[in-house]
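Below: one structure, written as structure tokens.
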Amino acid sequence: MQLVRGILRLKSKSQRSRGFTIIEILTAMVIFGMIVAAIFATWTALIRGSASGNRAAATAQRSRVALRTIEDALGATRSFVADVDDYTFDAENGREPYLSFVSKLSPSFPRSGRFGQFDVRRVTFAVESSSDNNKRLVLRQTPVLMDMDEDEQNYPVVLANDVQKFEMAFWDKQKGDWLDEWTQTNQLPQMVKFTMQLGGDQDEVTRIVALPSVAVQAGWQIPGSTLGGPGSHMTGGHIGGFQFGK
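In short: position in the sequence shown from 1, add 604, done, that's the working numbering.
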């Protein structure tokens, strides 16, 4: 009898050692789930950090491109007294600011290849609403004395998205101060200061660009005019409402 009881005890112990209890299995599953959740959280954080870094880098690059484009255009402005109506300098601050003027642009300027040899063009920088209800800075251009075509009007160059701020100021030499608006559209300001801030964590960026201080006078615009300075030889004529050299 004792032998039988001993055999039963051994068999019972053997059966218990062959598997895990429900509590042990549940504990293991909980630990495994915690490990998987920790790995997933770490991976998600890495992905988000990488995406955020890429967005910040792209925004910074966009900002640099936009600023450089505006600087290049402003630094090459053109204005001629004899054709002042075609060379106006228009600017306006506000909710949708814009800046429009004529400039002699280099072949490396955005979309120059589309205009061929027409390097003197009217450029217009404007902040407009986009389809996602954000603001974007766009560039439109057209050869001087020509009307803007439909493609350029409808599909401008997008220089920057998510524009939070774009403000301009204009240096008035006579007043010796910055002006928030420029009403003398037939003249060029001596300097233009513009401030831009894009979305995200980007800081405000301000640039100051010196422009040609005066428009080209009619005498210098007309080859050989007696108003053009030494060596001119024209004896008379009329152009753009200006009479010269009688």
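Think of the CB as a built atom: it goes at the ideal place given N, C-alpha and C, for glycine as much as any other residue.
Keep in mind it's a predicted model, so treat the numbers as computed, not measured.
Where does residue 630 land, buried or exposed, given buried means 16+ other C-beta within 10 angstroms?
Numbered from its first residue, the sequence shown carries residue 630 at position 26. Residue 630 should be labelled exposed.
Neighbourhood of residue 624 by C-beta, 6 Å cutoff - its chain only, sequence neighbours within 5 removed
Indexing the sequence shown from 1 puts residue 624 at position 20. None.
Do you know offhand how far residue 640's Cα is from residue 652's?
Here residue 640 refers to the residue found at position 36 of the sequence shown. Here residue 652 refers to the residue found at position 48 of the sequence shown. Cα to Cα, residue 640 sits roughly 18 Å from residue 652.
On a CA-only basis, which of 677, 709, 717 and 738 is nearest residue 812? Give me that one, please.
Your numbering for residue 812 matches position 208 in the sequence shown. Closest by alpha carbon: 677.
Chain-order list of residues whose beta-carbon lies under 8 Å from that of residue 713 (same chain, five-residue window excluded)
Here residue 713 corresponds to residue number 109 of the sequence shown, with the count starting at 1. Here the set comprises 673, 676 and 677.
Using a Cβ-Cβ cutoff of less than 7 Å, which residues in the same chain neighbour residue 762 once the five nearest sequence positions on both sides are dropped?
Here the question's residue 762 lines up with position 158 in the sequence shown. Hits under 7 Å: 740 and 742.
For residue 633, name the three-state secondary structure that DSSP assigns.
As a working mapping, residue 633 is identified with position 29 in the sequence shown. When DSSP states are grouped into helix, strand and coil, residue 633 belongs to the helix group.
Quick one: residues in its chain with C-beta nearer than 6 Å to the C-beta of residue 783, no 5 flanking neighbours on either side, listed in chain order?
By one-based count along the sequence shown, residue 783 stands at place 179. 774 and 776.
Just verifying my parser: in three-state terms, what is the DSSP assignment at residue 624?
Here residue 624 refers to the residue found at position 20 when the sequence shown is read from its first residue. Taken through DSSP and simplified to helix, strand or coil, residue 624 comes out as coil.
List the residues that DSSP assigns as beta-bridge partners of residue 741.
Counting from 1 along the sequence shown, the entry for residue 741 is found at position 137. Its beta-bridge partners are 731 and 764.
Residue 645 to residue 708 span [Cα, whole Å]
The residue you call residue 645 lines up with position 41 of the sequence shown. The residue you call residue 708 lines up with position 104 of the sequence shown. Distance between the alpha carbons of residue 645 and residue 708: 54 Å.
Under a three-way DSSP split, which group does residue 648 fall into?
As a position in the sequence shown, residue 648 is number 44, starting the count at 1. The answer is helix: DSSP assigns residue 648 an H, G or I state.
Within the continuous beta strand (DSSP E) that includes residue 696, where are the two ends?
If you number the sequence shown from 1, residue 696 lands on position 92. Taken as a continuous stretch (DSSP letters only), the beta strand (DSSP E) holding residue 696 covers 694 to 696.
DSSP three-state assignment for residue 716, whether helix, strand or coil
Here the question's residue 716 lines up with position 112 in the sequence shown. DSSP, reduced to helix, strand and coil, places residue 716 within a helical segment of the structure shown.
Separation of residue 684 from residue 733, as counted between CA atoms
In the sequence shown, the residue the question calls residue 733 occupies position 129. In the sequence shown, the residue the question calls residue 684 occupies position 80. The alpha-carbon of residue 733 is positioned some 33 Å away from that of residue 684.
Going by alpha carbons, who is nearest to residue 723 out of 750, 788 and 731?
Reading the sequence shown from its first residue, position 119 is the one you call residue 723. Closest option to residue 723, Cα to Cα, is 750.
Sequence-distant residues of its chain with Cβ nearer than 6 Å to residue 745 (five each side left out)
For the purposes of this step, residue 745 is identified with residue 141 of the sequence shown, where counting begins at 1. Within the same chain, 725 and 727 come within 6 Å of residue 745 by CB-CB distance, once the 5 residues on both sides are set aside.
Leaving aside the five residues before and after residue 844 along the sequence, list all residues of the same chain whose C-beta is less than 6 Å from its C-beta, in chain order.
For the purposes of this step, residue 844 is identified with residue 240 of the sequence shown, where counting begins at 1. At residue 844, the pLDDT of 36 sits below 50, so the modelled position is not reliable; the number obtained from the coordinates is stated separately. For residue 844, where only same-chain residues beyond five positions count, the Cβ hits under 6 Å are 686 and 687.
C-alpha distance - residue 833 paired with residue 816, whole-angstrom precision:
Along the sequence shown, read from residue 1 onward, the residue named residue 833 stands at position 229. Along the sequence shown, read from residue 1 onward, the residue named residue 816 stands at position 212. Residue confidence is low: residue 833 scores 46 on pLDDT, short of 50, so the model does not pin down where it sits. Its coordinate-derived value is still stated next. Cα-Cα distance, rounded: 19 Å.
Do residue 737 and residue 766 have their C-beta atoms within less than 8 Å of each other?
Stepping through the sequence shown from its first residue, residue 737 is reached at position 133. Stepping through the sequence shown from its first residue, residue 766 is reached at position 162. Not closer than 8 Å, so no.
Using beta-carbon positions only, say whether residue 681 and residue 792 come within less than 8 Å of one another.
Looking up residue 681 in the sequence shown gives position 77. Looking up residue 792 in the sequence shown gives position 188. Going by C-beta atoms, residue 681 is nearer than 8 Å to residue 792.
When 809, 814, 754 and 669 are compared against residue 794, the one with the closest alpha-carbon:
For the purposes of this step, residue 794 is taken as the residue at position 190 of the sequence shown. Shortest Cα-Cα distance from residue 794 to any of 809, 814, 754 and 669 involves 814.
Per-residue burial, residue 703 [other beta carbons within 10 Å of its own, 16 or more giving buried]:
Here residue 703 corresponds to residue number 99 of the sequence shown, with the count starting at 1. So residue 703 counts as buried.
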